[in-house]
Amino acid sequence: MKSFLSTIKFDYLQRTRTYSFLITLCISLAVAYTFVPEPNASYSTIRISDYVGYYNSAWFGYVTAIMTSVFLSLVGFYLVNSSIKTDQITKIGQITAATPASNFRYLLSKVFSNFLVLSTIVFIVFIMSILLFFLYNEGFPFELSQFIVPYVLIPIPAMFFIAVLAVVFEVLFKKYSVIQNIGFFFLFSATVFSTSPNETQFVLDPFGTKIVMHQMEESVKSILQADEQTSLSIGYVLGNVQKPKKFEFNGISFPSSFLISRIALILLSTILILMISPFFHRFNIKDRPKIISKLPKLLDKKERKEIVLSKLYKSEIDYGIFSLIKTELVLLFRKGKRWLWIINLIGMVLLAITPVEITYPIILPILWFLQVHRLSEISSKEISHNVHYFAFSSHKPLGRLLTSQIIAGIAIILFLASPLLIRFIITQSLSSVGLIIIGSVFIVLLASTLGILTKGKKLFEILFFMITYANINKIPFADYFGGLIHSPNYIMSLIIVTITLGTIGFLTRRYQLRN
22 MKSFLSTIKF
32 DYLQRTRTYS
42 FLITLCISLA
52 VAYTFVPEPN
62 ASYSTIRISD
72 YVGYYNSAWF
82 GYVTAIMTSV
92 FLSLVGFYLV
102 NSSIKTDQIT
112 KIGQITAATP
122 ASNFRYLLSK
132 VFSNFLVLST
142 IVFIVFIMSI
152 LLFFLYNEGF
162 PFELSQFIVP
172 YVLIPIPAMF
182 FIAVLAVVFE
192 VLFKKYSVIQ
202 NIGFFFLFSA
212 TVFSTSPNET
222 QFVLDPFGTK
232 IVMHQMEESV
242 KSILQADEQT
252 SLSIGYVLGN
262 VQKPKKFEFN
272 GISFPSSFLI
282 SRIALILLST
292 ILILMISPFF
302 HRFNIKDRPK
312 IISKLPKLLD
322 KKERKEIVLS
332 KLYKSEIDYG
342 IFSLIKTELV
352 LLFRKGKRWL
362 WIINLIGMVL
372 LAITPVEITY
382 PIILPILWFL
392 QVHRLSEISS
402 KEISHNVHYF
412 AFSSHKPLGR
422 LLTSQIIAGI
432 AIILFLASPL
442 LIRFIITQSL
452 SSVGLIIIGS
462 VFIVLLASTL
472 GILTKGKKLF
482 EILFFMITYA
492 NINKIPFADY
502 FGGLIHSPNY
512 IMSLIIVTIT
522 LGTIGFLTRR
532 YQLRN
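Per the working numbering, residue 22 is the first one in the sequence shown, and the count goes up by one each step.
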């Protein structure tokens, strides 16, 4: 037991000292600050019809707990879903495989370290929610229990579920990170968007948010004294400039079935780890290229001919960029499994035949997100494969290498969007064509710049998932490709941000080359 706890401890310490954890923590704090809008804010996070709750302890505790459960489940998976792969790269896994530790014990230690990493962020957001209460307080007393109860019952079990899910995906899909990313994206979306206000749905909700939102709706219905369906919105809804009405929310008394379901979620998740432990490769990766030793063949005895140096062809060095662009395109095209291109082709067909109202704001961002495994390492693959010293010493690594990577990435993204571009060209919607081009440049520069800054792919994967999820929910400020109607000022701001991203990326890479 002592060695088991030590493994969890040192794994937790190692991961909390990483750059990706620090970035995720900063993002979480910045987002948590907006969970409960300030009194004069022009947006809302949780709103039932025209009502929001008084800013008492219960409202702060439950709202921030709900938002933490959803938000951190969304980004937390991408933060912790490479723990086994990290051990494989650092060779810690091979050392562990040589010890008597069982597969279940090793995987369970990864689950607990994942859980501790996510729980650390939950705890810090918990402290911030209390600080926000004192900042925005409307004269209501502070009740610590209204913060502790929702955080213990809502986000904590959800974080354990996400920690288990990350390990399960790594074991089942091994090195296929693209399947892990896409699979979790659709699983998360299906779980969040499922709406069935009944007790069974509350019990099966892994995030634990539906029962609280249902109780909030019932509170508003009791005020309205009507049975009609109230419209509850969760997420960032901009433009709510009309002053909302207030109702008093005093928390809820969780039924015993819900309490049992939260405990059962943890137990069943642990059993799931036990079930998949026989499938764990234990770092015996058999799909490595095998080196087959063959006996040297005897050279055929042929008549030796004299080599005339003057007749040899003179090699020509190509300092152009087109050969590099071609190479980068081939690398991007061959990234991942080839059968994934079948999904891309299906997406392109949908871009060509579905209504523009669905294609532009929903299908296009999803299709682009499916390329996250291609874009995430567009500027950091040299470091990932330890060839950066060779690549950075090449002729004009900024003007040729980095530029060719960006151009190739934009070309792939625009190729995937080509059916929609052709439709807009036919209908002479040139503004939409321009916005899609700007969006493709933006997302590629975002991937390139974040890869240069962090020397990895994790941060871009997290942000790209958040941006795509926000676009599916039609949140205006996350629209980077013109799927929604925007003012000219917004488009100009997007262009400025895109240029700024490119500038930061090039200046940072130049600094890295000089130092």
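Just so you know, even glycine gets a beta-carbon here, dropped at the ideal spot from N, CA and C.
Buried or exposed for residue i, going by 16 or more other Cβ atoms inside 10 Å?
| i | result |
| --- | --- |
| E269 | exposed |
| T111 | exposed |
| R395 | buried |
| I312 | Any reading at I312 must be qualified, since the residue scores a pLDDT of 48, below 50, and its modelled position is unreliable; no value is offered. |
| L480 | buried |
| I473 | buried |
| L522 | buried |
| A429 | buried |
| P276 | exposed |
| Q506 | In the sequence as presented, Gln is not what sits at residue 506; that position holds Ile. Result: exposed. |
| R68 | buried |
| L451 | exposed |
| T380 | buried |
| T230 | buried |
| N77 | buried |
Measuring only the C-alpha atoms, how far is residue i from residue j?
| i | j | result |
| --- | --- | --- |
| K267 | Y75 | 6 Å |
| Y72 | S140 | 31 Å |
| L100 | L442 | 34 Å |
| T489 | S65 | 20 Å |
| F343 | S425 | 8 Å |
| F498 | F163 | 34 Å |
| H416 | L422 | 8 Å |
| I483 | N510 | 27 Å |
| G455 | G357 | 30 Å |
| T39 | G477 | 11 Å |
| V91 | C47 | 17 Å |
| P382 | I493 | 7 Å |
| F25 | Y532 | 43 Å |
| A432 | N202 | 23 Å |
| P171 | S94 | 16 Å |
| L352 | G526 | 21 Å |
| K402 | L467 | 15 Å |
Spatial neighbours of residue i within its chain, please: C-beta separation below 8 Å, excluding the five flanking residues on both sides.
| i | result |
| --- | --- |
| I294 | F125, L128, L129, V132, V185, V188 and V189 |
| F136 | M180, F181 and A184 |
| T37 | V138 and T141 |
| L534 | F413, P418 and L419 |
| S314 | Bear in mind that a pLDDT of 49 at S314, under 50, signals an unreliable position, so the number given afterwards is only what the model happens to contain. Excluding residues within five positions, none has a Cβ falling inside 8 Å. |
Which residues in the same chain as residue i place their Cβ atom closer than 6 Å to its Cβ, once the five residues preceding and following it in sequence are excluded?
| i | result |
| --- | --- |
| A373 | P440 |
| G114 | D108 and F304 |
| E349 | S425, Q426 and A429 |
| S461 | I431, I434 and L435 |
Cβ of residue i within 7 Å of any heavy atom in the ligand NAD?
| i | result |
| --- | --- |
| I404 | Of the ligands one can find in the structure shown there are none, so the ligand NAD has no counterpart to examine. |
Which same chain residues, not among the five before or five after residue i, have their C-beta less than 7 Å away from its C-beta?
| i | result |
| --- | --- |
| V224 | S278, F279 and S282 |
| T120 | none |
| S198 | H394 |
| P310 | Here the model assigns P310 a pLDDT of 49, short of 50, so the residue's position is not dependable, and the following value carries that caveat. Nothing meets the Cβ criterion. |
Let me check one thing: in DSSP terms, what residues is residue i bridge-paired to?
| i | result |
| --- | --- |
| F194 | Answer is none; F194 lacks a bridge partner. |
| K358 | Answer is none; K358 lacks a bridge partner. |
| K266 | Y72 |
key: Secondary structure, alpha helix (DSSP H): runs of 4+ residues fully inside the region 448–536   = Note on the region 448–536: whole alpha helix (DSSP H) runs with a minimum of 4 residues are 451–475, 479–493 and 509–535, in chain order.
Ranges of the alpha helix (DSSP H) found wholly within the region 379–450, counting only runs of at least 4
DSSP runs (the alpha helix (DSSP H)) wholly in the region 379–450: 385–390, 393–396, 402–405, 409–413, 424–437 and 439–447.
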